[in-house]
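**Student:**
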Amino acid sequence: MAIRNPRLPLLPGYSSNPLIGRKNFGLRPVFTSVDKVNMLVDKSEGVGREPALYARRQAPDLPAWILYDKHILRFQAFYQQSLHELREPRVLRKVDILFYLEDGTIKVNEPRVNNSGLLQGTLISRQRVRLPYSTDLYYDVLDLNVGREVSFYGKNLKIVNCDNFTRVFLNRLGINVPDPIPWPDVVERTPHLQKPSKRWPFKQFLDFDGRVLRFFGYWDDRGSQFGTVHRLEIHYYLADDTVEIKELLPPNSGVEGGPMFMKRMKLPKKLPARIEMSSEPAPTSYSPEDLSIGAVLDVFNRKVVLTDCDPFTREYYRVTYGIDSFNPLPTPEDGNTECISTAATRQLPPWNGYGSYADSAENCRTVEPKAPHRDFIKFLHKDRIGFDSHILRFAARLINDNPIDASRYFIVKYYLCDDTIAVFELGERNSGFTGGNFFRRDKMYLPDVEFFVPEEPPSYTDRDMWVGNELLINRHRFRLVAADEYALRYMELNSAQYPMANIVLIMDKIRRTLVSKENGYKDFVAKYMDLVAPHNKQLMSVRCFKQALREIICEKMTEHEFITLIRYFRGDPGAERNPRREMIRSLVFSELTRGLWDDRERLREGLAHADEVGAGVLSPHRLRQLLRAHRLTLSTDLMDCMLQVLQKDKDCNIVYEDLMSFLDFKTQPASHTDEDIANLVRHAPPVKDTECKLWADMDTYIKGGYVNWNAFLCQLNLEHLVKDQTS
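Residue numbers (the working numbering): 8 to 734.
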């Protein structure tokens, strides 16, 4: 392309950018066919072949190197290269064509393939590529599209596909992008699906290097004196047709085995009498055709029976030889080599109080002190993974005869990764208690256990963590009075491990209680049918629902089971507003108003762009990144509080439409007035304390609202009892 003189004025309707695109991709100009021709070519003005994407007098103010910075169009293409030195006349070379929108340069790169034998990588470095048979014209966007052929320095490349960004970019410019074209019907070399080539050993090495057939077998030597059954592992290397055999010795067998049963070599089928003096041709060696389950190999006059193989070997024989039957054969048992451990279990001395039980036990087992081994598998599965912290948090009260301690508030954290418990106190102002770490993180053992014993005494587990339970920790009795949303949701999702959060077990307990009483279900329904809400006959207040269950089941139901029922049968969630959510929403509104942030439309576009599959949900970690990228003036603690109260799916991913509704203060203003918000922000404690004090609202939130009474009766499924009693 001819380079424009920077001192000359820019012609109307033409852009200094040699590419095609718009500053606002959401708007598409309407051009006639004449306008499009004028935009691309204007021979009369002497500009030459210079494409411009804007209509006349609509060129952007920003230069192309700013407007299209890091905007790259990516096309997939191929060309065929002739190889006269090999049997194959051509080889298919797949390349990527990168077109940089900021300056119109092109880069051609070929992805690297291991053991291809070809020089791959960057074929054409980033530069402007001239059109064939031209000295002043270059390739641009109009020349690159799916189905077209381009010629770069004598190589003819066929474009077959492009990425999603390129397709959307060209479509928004009004350029139709055809569907992807399949790759040419060329038989690509797949070494593990072909037989090794005997004529070209170096080609065989390149094709099959690193591919090994593995069989399992045995050699029965019980016929000789002190003989036994040797379990073997046979490796066949496809790269050079060599075989090696290893012996698998059981632990504590008392046998010193060598490093190899047979070192790697070509295994002959029949060994001649005298190899060095024989004039016969070299004996044939074993090949993959001779190996199969049940085959017997002659390993230097030792009969080795093949009994099984690994999945790669099965796939190789299935594709190469069409064998689909791979039934393992049993290995004979040798009763004379059975290892019987006569060592008695070592009795450790009692714990002396120094260090942990595991540390003291390791020091007693070995002379050299070693660190105790933790359950590493459990740590990998239960350690923090993004937003999933695997920490169950409960609010607790201290139970004793001191009336001052009744007002103290505690947080009990249970760490699932190592079954440890930490207790924190929330100190209030002018209470006389500073708060902070009350008990450091450690294993908390059950009450009334003997500590100075050889084995570690039982400790509290996650099964003991439920609302309403009492824990005796270091002679302090705590009652768990509430749980955070993560703990409740985690226990409900893993209800098979936590009976207190298993709705099936809870409903079965209520069902059995009603069935055991005469006319129990009929009296239960008749007594509490009049207590439903007058405005909606399907709803019953939580207070009446709780009273009804306590009367029929007495003290057999725990507080955590009540919470599970209320959460499962929650009715009319729109009638009752969550005070915790409204309080955090007011704090968010005040912070965003103070920071002058009001860019919801851009945030919505960013959320939709991040949701590639269109699921409507994003992970908390990804959502936190997007909120930071859009410069929301929120502290880290306040942002975490906001993410906790948003709506989530079963995988704890956040529904970002609920976030947009949460931030919509124009159509859905905050519940507090401006004066209340100002006082709340002025007199509110720090956000961490605010989040912790919201634990106290949990009980109020559970007691308020309604329960879907009809859904509860339908879940009980005891209507047949009423019909039988009536008849």
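Ideal Cβ placement from N, Cα and C applies to all residues, glycine included.
1. Any contact between the segment 482-489 and the segment 389-397? By contact I mean 3 or more CB pairs, one from each, below 8 Å.
2. Mapping the DSSP letters down to three states, classify R229 as helix, strand or coil.
3. Given a threshold of 16 other Cβ atoms within 10 Å of its Cβ, counted over all protein chains shown, does R609 qualify as buried or as exposed?
4. For the beta strand (DSSP E) holding K270, just list the boundary residues, first then last.
5. I need the straight-line Cα distance from P549 to L556, nearest angstrom please.
6. Report the rounded CA-to-CA distance for V522 versus L495, giving the unit in angstroms.
7. CB-CB under 6 Å to M472, same chain, minus the five flanking residues each way: which ones, in chain order?
8. Between L433 and R81, what straight-line distance do the alpha-carbon atoms span, to the nearest angstrom?
9. If you draw a straight line from the alpha carbon of L336 to that of G621, how long is it in whole angstroms?
10. Would you check if the segment 70-78 and the segment 106-113 touch, i.e. whether three or more CB-CB distances between them fall below 8 Å?
11. Who are the Cβ neighbours of V595 in its own chain at under 8 Å, not counting the five residues just before and after it?
12. To the nearest angstrom, how far is the alpha carbon of M267 from that of E251?
13. For Y244 versus V236, is the C-beta spacing smaller than 7 Å?
14. The beta strand (DSSP E) spanning K114 covers which residue range?
15. Looking at C-alpha atoms only, which residue of H242, V532, K563 is the closest neighbour of C551?
16. Helix, strand or coil, according to DSSP, for I661 in the structure here?
17. For H78, I'd like the list of residues in its chain whose CB is within less than 6 Å of its CB, leaving aside the five on either flank, ordered along the chain.
18. Taking one C-beta from the segment 433-442 and one from the segment 506-521 each time, how about it: are there three or more such pairs within less than 8 Å?
19. Where does F669 fall in DSSP's three states?
20. Hey, quick one: how far does the alpha helix (DSSP H) through A617 stretch, first residue to last?
21. According to DSSP, what are the bridge partners of R629?
22. Would a C-beta distance cut-off of 7 Å place V102 and V120 closer than the cut-off?
23. Cβ of V312 within 7 Å of Cβ of V306?
24. Figure out for me which residue from F215, D227, G265 has the closest Cα to the Cα of N122.
25. Quick check on DSSP: helix, strand or coil for Q134?
26. Could you pull out every residue in the same chain whose Cβ sits closer than 6 Å to the Cβ of I166, ignoring the five residues on either side in sequence?
27. Could you check whether V488 and R415 sit closer than 7 Å to each other, using their CB atoms as the reference points?
28. Can you tell me where the alpha helix (DSSP H) with I783 in it begins and where it stops?
29. Give the range of the alpha helix (DSSP H) segment to which R518 is assigned.
30. Can you list, in chain order, the residues of its chain whose CB lies under 8 Å from that of V662, leaving out five sequence neighbours each side?
31. Any idea what DSSP makes of L256, helix, strand or coil?
32. To which residues of the same chain is S745 closer than 6 Å at the C-beta, ignoring the five residues directly before and after it?
33. When you compare each of S363, N407, D426 to D382 by their alpha carbons, which one comes out closest?
34. Mark W207 as exposed unless 16 or more other C-beta atoms lie within 10 angstroms of its C-beta, in which case mark it buried.
35. Taking the DSSP output, what are the residues bridged to L433?
**Tutor:** Based on what the coordinates show:
1. no
2. Sequence index remark: in the sequence shown, residue 229 carries index 222 (1-based). In this structure, R229 counts as coil in the three-state DSSP scheme.
3. Within the sequence shown, the letter at position 602 stands for residue 609. That one is exposed.
4. Stepping through the sequence shown from its first residue, residue 270 is reached at position 263. Unbroken beta strand (DSSP E) run through K270: 269-272.
5. Taking the sequence shown and counting its residues from 1, the one referred to as residue 549 is at position 542. Taking the sequence shown and counting its residues from 1, the one referred to as residue 556 is at position 549. The displayed chain sequence assigns Val, not Pro, to residue 549. Taking the straight line from one Cα to the other gives about 11 Å.
6. Taking the sequence shown and counting its residues from 1, one reaches residue 522 at position 515. Taking the sequence shown and counting its residues from 1, one reaches residue 495 at position 488. Cα-Cα distance, rounded: 29 Å.
7. Reading the sequence shown from its first residue, position 465 is the one you call residue 472. If you ignore the 5 residues before and after M472, its C-beta comes within less than 6 Å of the C-beta of L399, Y421, all in its own chain and listed in chain order.
8. Taking the sequence shown and counting its residues from 1, one reaches residue 433 at position 426. Taking the sequence shown and counting its residues from 1, one reaches residue 81 at position 74. So the alpha carbons of these two residues sit roughly 57 Å apart.
9. Translated into positions along the sequence shown, residue 336 becomes position 329. Translated into positions along the sequence shown, residue 621 becomes position 614. Approximately 51 Å between the Cα atoms of the pair.
10. The segment 106-113, when compared against the segment 70-78, does touch it at the 8 Å Cβ threshold.
11. One-based indexing of the sequence shown puts residue 595 at position 588. Answer for V595: L641, L645, M649, F669, L670, listed in chain order.
12. One-based indexing of the sequence shown puts residue 267 at position 260. One-based indexing of the sequence shown puts residue 251 at position 244. Distance between the alpha carbons of M267 and E251 is about 8 Å.
13. For the purposes of this step, residue 244 is identified with residue 237 of the sequence shown, where counting begins at 1. For the purposes of this step, residue 236 is identified with residue 229 of the sequence shown, where counting begins at 1. Against a cut-off of 7 Å, the Cβ pair of V236 and Y244 comes out as no contact.
14. Working through the sequence shown from its first residue, we reach residue 114 at position 107. That run of the beta strand (DSSP E) goes 112-117.
15. As a position in the sequence shown, residue 551 is number 544, starting the count at 1. Out of H242, V532, K563, V532 has the C-alpha closest to the C-alpha of C551.
16. On the sequence shown, position 654 is the one that residue 661 refers to. The answer is strand: DSSP assigns I661 an E or B state.
17. What you label residue 78 is simply residue 71 of the sequence shown in a count that begins at 1. Cβ within range, chain order: L108.
18. no
19. Counting from one through the sequence shown, the residue named residue 669 turns up at place 662. Reduced to three states, the DSSP call for F669 is helix.
20. Mapped onto the sequence shown, residue 617 falls at position 610. Segment 607-617, the alpha helix (DSSP H) holding A617.
21. Sequence index remark: in the sequence shown, residue 629 carries index 622 (1-based). Beta-bridge pairing links R629 to no other residue.
22. The residue you call residue 102 lines up with position 95 of the sequence shown. The residue you call residue 120 lines up with position 113 of the sequence shown. No, the Cβ-Cβ distance between V102 and V120 is not below 7 Å.
23. As a position in the sequence shown, residue 312 is number 305, starting the count at 1. As a position in the sequence shown, residue 306 is number 299, starting the count at 1. Cβ atoms of V312 and V306: not closer than 7 Å.
24. Looking up residue 122 in the sequence shown gives position 115. Closest by alpha carbon: F215.
25. Indexing the sequence shown from 1 puts residue 134 at position 127. Of the three classes helix, strand and coil, the one that applies to Q134 here is strand, per DSSP.
26. Along the sequence shown, read from residue 1 onward, the residue named residue 166 stands at position 159. The answer, listed in chain order, is F82, A84, V153, R155.
27. What you label residue 415 is simply residue 408 of the sequence shown in a count that begins at 1. What you label residue 488 is simply residue 481 of the sequence shown in a count that begins at 1. It is not a contact, given that the beta carbons lie outside the stated cut-off.
28. Since the first residue of the chain shown is 8 and the last is 734, residue 783 is not available in this structure.
29. Here residue 518 is taken as the residue at index 511 of the sequence shown, counted from 1. Start and end: 510-523.
30. Residue numbering aside, residue 662 sits at position 655 when the sequence shown is read from its first letter. Answer for V662: G623, V624, L653, Q654, K655, D656, listed in chain order.
31. Translated into positions along the sequence shown, residue 256 becomes position 249. Coil.
32. Residue coverage of the chain in this structure runs from 8 to 734, which leaves residue 745 outside it and unanswerable.
33. Residue numbering aside, residue 382 sits at position 375 when the sequence shown is read from its first letter. Among S363, N407, D426, the Cα nearest to that of D382 belongs to D426.
34. Reading the sequence shown from its first residue, position 200 is the one you call residue 207. Label assigned to W207: exposed.
35. Here residue 433 corresponds to residue number 426 of the sequence shown, with the count starting at 1. L433 pairs with Y416.
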